[in-house]
Amino acid sequence: MVPIVALVGRPNVGKSTLFNRLVGKRAALVDDRPGVTRDRLFGEMHHAGKVVRVVDTGGYDPSNEGDFTAMIRDQAHLAIDEADLVIFVLDGQAGLVPIDSEIASILRKSGKPTLAVANKLDVVEHDGRLSDLFGLGFEPIGLSAEHGRGVGDLAELLVEMLDPPDVNLVSQQPLPVAAEEPTPGHATSVEWQGGPIRVAVIGRPNAGKSSLVNQLLGEKRVLESEIPGTTRDAIDAELEYEGQEFVLVDTAGLRRKRSIADRLEHFAVMSAVRGLDSADVALVVMDASVPVSEQDAKVVALAHERGKGVILVANKWDLIPGEEAGREYVELARIRLPFVDYAPLRRTSARTGHGVQRLLGLVVQAQRERHRRVSTSELNRFFKEVVDIHPPPVSRGKRPRLFYVSQPLVRPPTFICAASHADEIPPSYRRYLINTIRERYGYSATPIWVKFRGRK
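Each position in the sequence shown, counted from 1, maps to that position plus 588 in the working numbering.
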């Protein structure tokens, strides 16, 4: 088992900066304002050939009873409960404040092994300030997460205390293999060799993304609130269901550009887009209590244009007043999202759990489809039938000819047609071929590309 280390401390002591240093990437938002990190973030520290899982928590204030603060406190308690070791992060420049003493008391009562870290001590000369922190009952370690001073020594100490497994042993664990026999008469195969499926949970703010992720996980892993913008980072969470591993990426709500008010919000949106870029399949969450909007369409387009498997999730279905209203919602969704007419649309309620678990089966289906390849011989037999029935239309007095077709790429499936007068083939004919390929070979939850190239 990979040991877990939780970073805990009051707001604005540099937990996220230390997290990013330890895991070696800018995974967490970093800003001078308190409360920037709201959810737990998960990452892996690799050091000396060993691997340790690191959890960053929101700024912890035991005495503040505000809505967000209470939720952050709950997240911190979960992190402490799950951790094998806690890193108690302090501000070495500011010295002790009453909140630090309250947190220290909670950590002592938890019984978890704890390392106290005095951050923001940029040079050795600042280490004299450590003496101010001994009153907490822990022997503090001085470092500077921003400049990297002392972080390597901390990583060395973690490896020594936790005896984590080798990186290679973790990465070489056997993965489930998903193989698919060629469909009789269709000569298709799936080139996916198994392994975790990365699923981006995307949508505009307050569509219920975090509630959906928590329902899938069976725990409150990420914060939920009716206030738009609760999730700011892209949050990774691991899940196993019916023998298949998933990594769920709960992203910040994707707003209209004019709604992105500041640098922090902009970074959160970029984090969401990166979460999508690293994913295999997108669950596009829409609020079914309101009609599909232009912003919903733009979010769906992001997933489609990046070639991800696409599953439309009409969340908050429990708020639909009746069957007629439900039919109207689905009809309007199909009208406003014509470019993903292939994508399954599923009705869910993250609040009640209705329809949520069934999404994972669709995710596996989409992943298999993204890796499905059709043999060249089968494709050319099929295309001859298709083109004989419906050849490309005449353009400028010339009829383009399709000579042969191949599928050089998967993720998403991409088909290249060698043709004469390739530039004259209209978009409507491309759509005809895409729809025909979908129907024949069963691509129902992934974009597919058809491209024309002039014959050399």
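Cβ coordinates follow ideal geometry from the N, Cα and C atoms, glycine included.
For Glu734, DSSP assigns no beta-bridge partner whatsoever. Burial state of Ala636 is exposed, judged by a 10 Å Cβ sphere holding fewer than 16 other Cβ atoms. Secondary structure at Lys700: coil, using DSSP grouped into helix, strand and coil. The beta carbon of Lys904 lies closer than 7 Å to those of Gly796, Asp875, Ala876, Ser877 and Ser937 in the same chain, with the five residues before and after it left out. Classified as buried, Ser798 has 16 or more neighbouring CB atoms from the shown chains inside 10 Å of its CB. In the three-state DSSP reduction, Arg961 falls in the strand class (E or B). A contact is defined here as three or more CB-CB pairs under 8 Å, and the segment 601-614 meets this definition with respect to the segment 737-749.
Residue pairing for Gly637: DSSP places it in no beta bridge.
By the Cβ test, the segment 1029-1036 is in contact with the segment 928-947, since at least three Cβ pairs between them sit closer than 8 Å. A distance below 6 Å between beta-carbons, with the five flanking residues on each side excluded, links Leu990 to the following residues of its chain, in chain order: Val975, Cys1005 and Ala1007. In this structure, the alpha-carbon of Ala594 lies about 12 Å from that of Met633. Taken atom to atom, the span from the alpha-carbon of Val590 to that of Pro753 is near 6 Å. Look at the beta carbons and you see the segment 663-674 not touching the segment 707-715: under three pairs across the two are nearer than 8 Å.
For Ser799, the enclosing alpha helix (DSSP H) covers residues Lys797 to Leu805. Judged by beta-carbon spacing, Gln955 lies within the 8 Å limit of Ile785, meaning their Cβ atoms are closer than that value.
For Tyr992, the uninterrupted beta strand (DSSP E) segment begins and ends at Leu990 to Leu997. Nearest Cα to Val801 within the set Lys700, Arg939 and Gln832: Arg939.
Secondary structure at Gln832: strand, using DSSP grouped into helix, strand and coil.
Non-local beta-carbon contacts of Gln995 in its own chain, meaning distances under 8 Å to residues more than five positions away in sequence, involve Arg961, Val962, Thr964, Leu967, Pro1001, Thr1002, Phe1003 and Ile1004 in chain order. Ranked by Cα distance from Lys986, the options Arg969, Pro1014, Val993 and Val998 are led by Pro1014.
In the three-state DSSP reduction, Asn968 falls in the helix class (H, G or I). Looking at the DSSP output, Ser777 bridges to Arg961. Bounds of the beta strand (DSSP E) holding Phe676 are Leu673 to Asp679.
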